[in-house]
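Trainee: Below: one structure in structure tokens.
Structural data, given as structure tokens:
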């Protein structure tokens with residue numbers, strides 16, 4: 566009786582252990598879209614990288630090519646010098662004033678222009694740990710080195726996590742730092758091979 570009770574309690578434990586050990590993230594080639602914060606000499610703003618990520622947890626390698634990397638930065642200049650910002654102490658808010666007429670103006674007149682940076686980047690990463698479980702989802706921790714082609718042209722180091730799933734979808738997060746370049750953001754992807762097999 567006692568031995569059968571021990572056997573019954575041991576079966577779920579063994580089954581759970583097998584499930585955890587079998588949670589290696591799948592390999593795949595993913596079309597990815599990202600969103601993050603970019604900090605370069607020209608300013609700080611929004612970055613939208615679009616590209617391809619290939620991952621193989623078995624070979625412990627991850628490679629990314631962002632063939633379209635769009636940065637939207639607010640210019641550090643104060644815009645048109647005719648329009649100036651003033652703080653109104655009576656109402657406790659900032660105002661934009663046309664210095665030529667002395668009249669209030671739209672606040673957008675006092676804002677700097679938006680600079681658009683276009684670039685391309687490629688990086689190669691190793692997976693020091695084959696599988697990392699975060700929030701009950703298997704993923705891959707990656708560290709590597711990359712090259713951003715322009716705005717700025719720099720070599721950078723990168724660290725992050727990538728979560729490919731058996732459904733063909735993926736998500737990730739990464740931090741990249743180089744000379745006069747920092748990116749922190751998230752990405753989402755769809756397995757290209759799986760998508761092509763639908764046609």
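Numbering (my numbering), first residue to last: 566 to 764. The C-beta atom is built at its ideal place from N, Cα and C for all residues, glycine as well.
Quick one, are the C-beta atoms of residue 612 and residue 727 less than 9 Å apart?
Mentor: In the chain shown, the residue the question calls residue 612 occupies position 47. In the chain shown, the residue the question calls residue 727 occupies position 162. No, the Cβ-Cβ distance between residue 612 and residue 727 is not below 9 Å.
Trainee: For residue 719, which residues of its own chain have a beta-carbon under 7 Å away from its beta-carbon, when the five flanking residues on both sides are left out?
Mentor: One-based indexing of the chain shown puts residue 719 at position 154. Contacts found: 713, 743, 744, 745, 746.
Trainee: Can you say whether residue 535 is buried or exposed, counting buried as having 16 or more other CB atoms within 10 angstroms of its CB?
Mentor: No information on residue 535 is available, as it lies outside the stretch 566 to 764 that the chain covers here.
Trainee: Just verifying my parser: in three-state terms, what is the DSSP assignment at residue 758?
Mentor: Residue 758 sits at position 193 when you count from the first residue of the chain shown. DSSP places residue 758 in helix when its eight states are reduced to three.
Trainee: Work out the CA separation of residue 593 and residue 758 for me, nearest whole Å.
Mentor: Residue 758 sits at position 193 when you count from the first residue of the chain shown. Residue 593 sits at position 28 when you count from the first residue of the chain shown. Computed Cα separation, rounded: 8 Å.
Trainee: DSSP three-state call for residue 656: helix, strand or coil?
Mentor: As a working note, residue 656 is residue 91 in the chain shown. Three-state result, residue 656: coil.
Trainee: From residue 629 to residue 751, what distance separates their C-alpha atoms?
Mentor: Locating residue 629 in the chain shown gives position 64, counting from the first residue. Locating residue 751 in the chain shown gives position 186, counting from the first residue. In a straight line, the C-alpha of residue 629 is about 14 Å away from that of residue 751.
Trainee: Out of 676, 609, 685, which one is the CA nearest neighbour of residue 638?
Mentor: Taking the first residue of the chain shown as position 1, residue 638 is located at position 73. When only C-alpha atoms are compared, the closest one is 609.
Trainee: Between the Cα of residue 598 and the Cα atoms of 614, 760, 698, which residue gives the shortest distance?
Mentor: Walking along the chain shown from the start, residue 598 turns up at place 33. Checking every option, the nearest Cα to that of residue 598 belongs to 614.
Trainee: Run through the DSSP bridge pairs and tell me what residue 628 is partnered with.
Mentor: Locating residue 628 in the chain shown gives position 63, where the first residue counts as 1. DSSP, once it has assigned bridges, lists 619, 689 as partnering residue 628.
Trainee: Figure out for me which residue from 636, 696, 741, 734 has the closest Cα to the Cα of residue 710.
Mentor: For the purposes of this step, residue 710 is identified with residue 145 of the chain shown, where counting begins at 1. Residue 741 is the option with its Cα nearest to residue 710.
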